[in-house]
Amino acid sequence: MTTATNTSSPATAMNANRTKALLKEHSMTLGYGLLFIVLAATVENFFSAANIVGLMLSVAQIGMVACTMMLCLASRDFDLSVGSTIAFAGVLGAIILERTGSTGLAVGGGLLAGALIGAGNGVLIAYLRVNALIATLATMLMVRGLAFIVSKGQAVGIADEGFISFGDTLVFGLPLPVWLTAACFLVFGVLLNHTVFGRNTLAIGGNPEAARLAGVRVERLRVWIFLLQGLVTAMAGLVLASRITSGQPNAATGFELDVISACVLGGVSLQGGKARIFGVVIGVLIMGTVENVMNLMNVDAFYQYLMRGIILLAAVLLDQLKTRGERRV
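To convert, note that position 94 of the sequence shown is 518 in the working numbering; the numbers rise steadily by one, no gaps.
Okay, structure coming up:
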């Protein structure tokens with residue numbers, strides 16, 4: 425009898441530890457599921473088909489950019505210039521479209537501009553050793569200034585139906601931006617978890633010197649990460665411009681903080697070396713759901729700013745607590 429008890433104890437402890445680990449890993453998912461159920465039961469029109477589609481559409485741009493911000497954070501960097509890049513890509517695309525009438529040139533020009541901005545950030549940070557905070561803050565200011573300069577401080581209207589269709593075309597009942605966001609989650613999830621690029625990104629975030637000694641070309645990889653960040657951000661800017669039918673030089677102000685908050689809420693560590701694409705999806709949905717509910721309840725915009733700040737602070741504190749817990753273990 426005693427032997428049986430002793431034999432079963434390690435198995436019981438192992439099962440308990442496994443359950444605890446699963447709960448810890450999926451705590452944010454379970455929390456969001458509970459939040460969704462409560463909101464569906466208590467907030468009028470929240471669970472309507474129109475609102476759910478609207479919710480997915482509202483997080484489309486954040487979702488796209490969060491995929492590449494995840495890579496930046498996982499490699500122990502971040503990018504504060506994404507909001508300005510969104511604005512500049514939208515304005516530039518609208519200007520090219522206005523002057524050439526070519527949707528292809530407008531999209532290509534916007535994407536090229538985003539890729540160059542991202543690559544420039546990468547070169548500053550990786551090769552010139554400029555701190556990521558200073559480099560991307562400077563880029564944020566310069567690119568926002570360029571957006572105002574090329575547009576002369578005015579919104580640039582878009583009348584081309586082909587370009588506008590990027591924002592309002594329905595595919596299987598969902599707007600095209602939602603499908604583009606889903607494609608980004610899929611592509612970058614595979615890139616992170618099933619490629620050498622993803623493994624090396626996590627490696628340089630965990631320990632850059634060890635990764636360099638293992639043969640990873642750290643500087644070049646960081647430039648590629650930022651180039652991808654700029655490219656995807658520009659795509660989000662073009663989609664936003666098509667949705668609002670204009671290029672707005674003041675668009676996406678504060679956008680970078682929402683994206684970083686979504687990533688950190690999704691379990692991406694600010695210390696680098698840790699990221700999960702599914703967690704980022706949940707983080708994006710949490711950010712979008714909170715904003716959506718506040719709009720449904722007609723909460724004043726000033727209080728919405730307050731709530732976004734609280735969420736950002738909570739995300740950072742959560743990351744700190746997780747990091748301390750892992751160090752103790």
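Virtual Cβ for every residue (Gly too), placed ideally from N, Cα, C.
Could you tell me whether the Cβ atoms of residue i and residue j are closer together than 8 angstroms?
i, j, result
"isoleucine 734", "threonine 453", "no"
"methionine 488", "methionine 711", "no"
"cysteine 687", "phenylalanine 609", "no"
"serine 670", "alanine 579", "yes"
"glycine 542", "glutamine 653", "yes"
"leucine 600", "methionine 480", "no"
"phenylalanine 612", "cysteine 496", "no"
"glycine 533", "alanine 665", "no"
"leucine 637", "glycine 697", "no"
"glycine 478", "leucine 662", "no"
"valine 640", "isoleucine 628", "yes"
"leucine 529", "isoleucine 520", "yes"
The alpha helix (DSSP H) with residue i in it runs from where to where?
i, result
"aspartate 682", "679 to 689"
"glutamate 468", "Unbroken run through glutamate 468: none, as it is neither H nor E."
"leucine 709", "701 to 720"
"phenylalanine 587", "585 to 592"
"phenylalanine 512", "506 to 524"
"phenylalanine 596", "No alpha helix (DSSP H) holds phenylalanine 596; DSSP gives it neither H nor E."
"arginine 568", "556 to 575"
"valine 531", "527 to 550"
"isoleucine 486", "484 to 498"
Quick check on residue i - is its C-beta less than 8 angstroms from some C-beta in chain C?
i, result
"serine 472", "Reference to chain C is not applicable here, since this structure consists of a single protein chain."
Grab me the residues of residue i's own chain with a C-beta within less than 7 angstroms of its C-beta, minus the 5 sequence neighbours each way, in chain order.
i, result
"methionine 731", "Val714 and Met718"
"threonine 677", "Gly507"
"leucine 709", "Tyr456 and Val483"
"valine 683", "Ile486, Val489, Ala490, Met493 and Val506"
"valine 647", "Ala543, Gly546, Val547 and Ala550"
For residue i, count the other beta carbons within 10 Å of its own beta carbon; 16 or more makes it buried, fewer makes it exposed. Which is it?
i, result
"valine 602", "buried"
"leucine 458", "exposed"
"glutamate 585", "exposed"
"leucine 565", "exposed"
"valine 614", "exposed"
"glutamate 680", "buried"
"aspartate 724", "exposed"
"leucine 737", "exposed"
"threonine 593", "exposed"
"valine 704", "buried"
"arginine 523", "exposed"
"arginine 568", "buried"
For residue i, I'd like the list of residues in its chain whose CB is within less than 8 angstroms of its CB, leaving aside the five on either flank, ordered along the chain.
i, result
"methionine 425", "With a pLDDT of 45 at methionine 425, under the threshold of 50, the modelled position of that residue is not reliable, and the figure given next carries that caveat. Around methionine 425: no qualifying Cβ."
Using C-beta distances below 6 angstroms, list every residue in its chain close to residue i, excluding the 5 sequence neighbours before and after it, in chain order.
i, result
"alanine 428", "For alanine 428, the pLDDT reaches just 48, beneath the cut-off of 50, and the residue's location in the model is therefore unreliable, although a value from the coordinates is still provided. Excluding sequence neighbours, alanine 428 sits near nothing in its chain."
"threonine 431", "Bear in mind that the predicted position of threonine 431 carries a pLDDT of just 48, short of 50, making it unreliable; the figure below should be weighed with that in mind. Nothing meets the Cβ criterion."
"glutamine 485", "Ala660 and Leu664"
Taking 7 angstroms as the cut-off, is the CB of residue i close to at least one heavy atom of the ligand ATP?
i, result
"valine 554", "Here there are no bound small molecules, and the ligand ATP is not part of this structure."
field: Complete alpha helix (DSSP H) runs within the region 600 to 671 (minimum length 4 residues, chain order)
entry: For the region 600 to 671, the continuous alpha helix (DSSP H) assignments of 4+ residues that do not extend past its boundaries occur at 600 to 618, 620 to 630, 632 to 637 and 642 to 668, in sequence order.
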